[in-house]
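J.:
2 protein chains.
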Amino acid sequence: MATSARRERGTSPRRERGTSQSLKALLGIRELVFSGEVGPGVRLSEVTLSGRLGISRTPIRAALAQLDQEGVVEAIPSGGYTVRSFTQVDVADAIELRGALEGVAARIAAERGVPAARLQTMHSLLAELDHVVADPKRTDFAVYIARNGEFHDLLHTLSGSETIRRELERVMRLPFAAPNAFITAQAEMPEIRVSLLVAQAQHRAIVNAIEMREGARAEAIAREHARLARTNLDVMIEDTKLINKVPGLSLISG
Amino acid sequence: MATSARRERGTSPRRERGTSQSLKALLGIRELVFSGEVGPGVRLSEVTLSGRLGISRTPIRAALAQLDQEGVVEAIPSGGYTVRSFTQVDVADAIELRGALEGVAARIAAERGVPAARLQTMHSLLAELDHVVADPKRTDFAVYIARNGEFHDLLHTLSGSETIRRELERVMRLPFAAPNAFITAQAEMPEIRVSLLVAQAQHRAIVNAIEMREGARAEAIAREHARLARTNLDVMIEDTKLINKVPGLSLISG
DNA sequence: TTCCCTTAAGTTGTATACAGCGAGTATACG
DNA sequence: CGTATACTCGCTGTATACAACTTAAGGGAA
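Residue numbers (the UniProt record's numbering), protein chains in the order written: chain U, 1 to 254; chain X, 1 to 254.
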C-alpha cells in the first residue's frame, strides 16, 4: 500500500535522454528545500518524497545521500535525513572557503602558467562583462549571471588541477557560496551598481595577476573578491523584505 | 543465478553493532582499491563486488557513490565505475589543497579566538608529540601517527566552523592528502628524524600563532607544514622499493 | 581479410518486498 | 493526575526482481 509511485511493471516510459529518475529526484528534493517548501529541521521521509515526486525509493535514497554530501541535508544518527539549517556564520564560512579555494586556484595558475588560448577566453569574458556592467539602468542581470558564472568556472580550471576544480565545484554547491548566489536579489538594491563595478575591477586584476605570474597577488585579490559576496549577504539579511526573493534564504536561521 | 551473496530471507544475522552492510561495503571496496588488488582503470562491477564481499548490490551501490564523491573511484558516463588513477601532480595538488584549508582553519581560529580549554588540549598533544619525537631510534610510530592525527583533527575544529571542518574531512580522504599518509613508509627512511623534528616545530609554531592571534602567521605555517608531505612524496616516488610498503601507492601512475 | 551488422550476455537503473528498529501513543498503575 | 510501560505504526536498511542499455562476440557480406 505504502508507495503510490506506482507504475506498470514493464511499461515504464524509460528515461527520455538524460532524465534519469535519480536526477529527477536530486533536482526535485533540492527544489523542495531551496524553495522553502520544507523548512529547516524537517524530516525528509523517503516514502513521502517517493509519493510526492512520483519516484521510487531507490533513486530518492541516492539523491538524499548526495544532498547529504552537499551539505543541504543532514543525516540523523538513527537513520534518515532532515533539512539542514544554516546560520549566518555558516554562510560566511562557506564564502570564506570559496575565496580560499579560488585563491589557491588563481595562485597556482599564475605560478604554473596558463596557455595563451585560455587567457584569450578570459579576456573575452572580461570584455563581455564590461559591456554588461557599462550601461547603468540597462544592465541585463541574466546575462551578467551567465558570464560571471562562466568566468568563475573558467578560473577554476586555470590551475590545471582537476582535484582543485572538483573541490571548488563541491564548495560552490554549499548554500550561497556560489558567486551568483545573491545577484538576483541585488538587482533590486541600489548599491548594486557599485558592487558590480568593484567586482569587475577585481576580475580584471585577477586575470592580470595571473598573466604577470604574480601568484600572491592573484590569490589575495581572489580572496577579497569572494568577500564581496559576504558584504552582500550582510546587507541582504538586514533587508527582511528580500527573504522571499532569494531562493533558499529561508534556510538561514540564526 | 547472478548473485551469490545469497542469504536466507528472514534469517539475516542483522548488523552486529554498527557493522551495517553499507559500512562493510565502503571499507571493503576501499581496501580492495588501496591494497592494489584492483588496479587503476579497472571496472568495478556491482555484481562482482557483491559476490566478493558477500553483500547485496544495494549497499555496494551506495558505497560506490560515496567513493565517487571521495575521488577514489570514477563514474563512467554510460554507467558504472572504474578505479581512478592518480598522477603525482594530482597528489601534490591534494596536499596543496589540504595545506590551504588547514591554513584557513588556523587563521580563522587565530582571528576569532579559541577557548582556553581547547588550547590546553593542543598543548597536551604537543607535549605528547614532543615525547615521542624526543628519543631517536625508539620512536613509536604508531603512537606518533595517532597523536599527529589527533592534533590535526583538533586543529580542524579550532576555527569553530563546521563547514570548514567538514570540507577538511573530505579533503583528507583524497589519496595521500592526510598528514599521516606517508609516515608508515617514512619509518624506514633515514631522513625521517629531521622530518619529524621540523614537523613538530611547525606544530608548536601554529599553536603559538593561534594563541597570539597572529592569523597570517598561523596560515603561512600551516601551509608550509603541509608541504612537508609533498617533499616526502617526492622522496618516496624515487625510492621504488617502497611501492609495496605504502598502501595505495600503486594508484599513482604518471 | 576486414568491416559492419546482428545478437547475446552482462551490467546498470529502478521498483518493490520484507524485517527490524525507533518514535510516539495510549493505557494502566501509583 | 502524573508517570512509567507496553504497544503499534511508520520508517529505514537491505535484498532481490526485472527491464533497458551497453558492449563484446560472432557471422555474413564486400
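Glycine included, each C-beta is placed from N, C-alpha and C at the ideal position.
Since residue 247 (chain X) and residue 85 (chain X) should fall inside the 8 angstroms C-beta cutoff, what is the C-beta to C-beta distance between them, to a whole number of angstroms?
T.: The pair is not a contact, with the Cβ atoms about 16 angstroms apart (cut-off 8 angstroms).
J.: Would you list the one or two residues that DSSP bridges to residue 82 (chain U)?
T.: According to DSSP, residue 82 (chain U) bridges with U:43 and U:74.
J.: Name the two residues that bound the continuous alpha helix (DSSP H) containing residue 245 (chain X).
T.: It is not in any alpha helix (DSSP H) - residue 245 (chain X) carries neither H nor E in the DSSP assignment.
J.: How about residue 218 (chain X): is its C-beta nearer than 9 angstroms to some C-beta of chain U?
T.: Answer no: the Cβ-Cβ gap between residue 218 (chain X) and chain U never drops below 9 angstroms.
J.: At the level of alpha carbons, what is the spacing between residue 78 (chain X) and residue 174 (chain X)?
T.: Whole-angstrom Cα-Cα distance: 25 angstroms.
J.: For the putative contact between residue 57 (chain U) and residue 42 (chain U), defined by C-beta atoms under 8 angstroms, what is the C-beta separation to the nearest angstrom?
T.: That pair is no contact at about 18 angstroms.
J.: Considering only the alpha carbon of each residue, which of U:210, U:238, U:182 and U:137 lies closest to residue 118 (chain U)?
T.: Minimum Cα distance to residue 118 (chain U) is reached at U:210.
J.: Using 8 angstroms as the Cβ pair cut-off and three pairs as the minimum, do the stretch 229-236 of chain U and the stretch 66-78 of chain U touch?
T.: They do not touch, by the three-pair rule.
J.: Can you tell me the Cα-Cα spacing of residue 245 (chain X) and residue 37 (chain U), whole angstroms?
T.: Rounded to the nearest angstrom, the two C-alpha atoms are 53 angstroms apart.
J.: Based on DSSP bridge pairs, tell me the residues matched to residue 252 (chain X).
T.: Residue 252 (chain X) pairs with X:86.
J.: Distance cutoff 9 angstroms, beta carbons only. Does residue 21 (chain X) sit that close to anything in chain U?
T.: No, its Cβ sits nowhere closer than 9 angstroms to a Cβ of chain U.
J.: Is residue 206 (chain U) closer than 9 angstroms to residue 183 (chain U) when the C-beta atoms are compared?
T.: Cβ atoms of residue 183 (chain U) and residue 206 (chain U): not closer than 9 angstroms.
J.: Answer yes or no: does any C-beta atom of chain U fall closer than 9 angstroms to that of residue 157 (chain X)?
T.: No, no contact with chain U.
J.: Roughly how many whole angstroms lie between the Cα atoms of residue 64 (chain X) and residue 22 (chain U)?
T.: Those two C-alpha atoms are separated by around 15 angstroms.
J.: From residue 228 (chain U) to residue 130 (chain X), what distance separates their C-alpha atoms?
T.: Near 43 angstroms, if we compare the C-alpha coordinates of residue 130 (chain X) and residue 228 (chain U).
J.: The alpha helix (DSSP H) spanning residue 213 (chain U) covers which residue range?
T.: Where residue 213 (chain U) is concerned, there is no enclosing alpha helix (DSSP H), given that its DSSP letter is neither H nor E.
J.: Buried or exposed, going by whether 16 or more other CB atoms sit within 10 Å of the CB of residue 132 (chain U)?
T.: Buried: at least 16 other Cβ atoms inside 10 Å.
J.: Could you name the residues of the same chain whose beta carbon sits closer than 6 angstroms to that of residue 6 (chain X), not counting the 5 residues immediately before and after it, in chain order?
T.: Note that residue 6 (chain X) scores a pLDDT of 39, beneath 50, so its modelled location is shaky; the value from the coordinates is reported in the next line. Same-chain partners within the cutoff: there are none.
J.: Which of the three DSSP states is assigned to residue 234 (chain U) in this structure?
T.: Helix, per DSSP.
J.: Note the first and the last residue of the continuous alpha helix (DSSP H) segment covering residue 37 (chain U).
T.: Neither: residue 37 (chain U) is in no alpha helix (DSSP H) and is coded neither H nor E.
J.: Let me see if you follow: with CB-CB separation under 9 angstroms, is residue 96 (chain U) close to chain X or not?
T.: Yes, residue 96 (chain U) counts as interfacial toward chain X.
J.: Put residue 16 (chain U) into one of helix, strand or coil per three-state DSSP.
T.: Here residue 16 (chain U) scores only 41 on pLDDT, less than 50, and its place in the model is too uncertain to base an answer on.
J.: Using only the alpha-carbon positions, how far apart do residue 49 (chain U) and residue 81 (chain U) sit?
T.: Roughly 12 angstroms between the two C-alpha positions.
J.: Against chain U, does residue 108 (chain X) count as a neighbour if the rule is that its beta carbon must be under 9 angstroms from one of theirs?
T.: True, the Cβ-Cβ gap to chain U drops below 9 angstroms.
J.: Answer yes or no: do residue 164 (chain X) and residue 97 (chain U) have a C-beta to C-beta separation smaller than 9 angstroms?
T.: Yes; because the gap between Cβ atoms is below 9 angstroms, this pair is in contact.
J.: Suppose the cutoff is 7 angstroms on Cβ atoms and the five residues either side in sequence are ignored; what does the same chain contact list for residue 11 (chain U) look like?
T.: Unreliable placement is indicated for residue 11 (chain U), whose pLDDT of 34 sits below 50; no coordinate value is reported for it.
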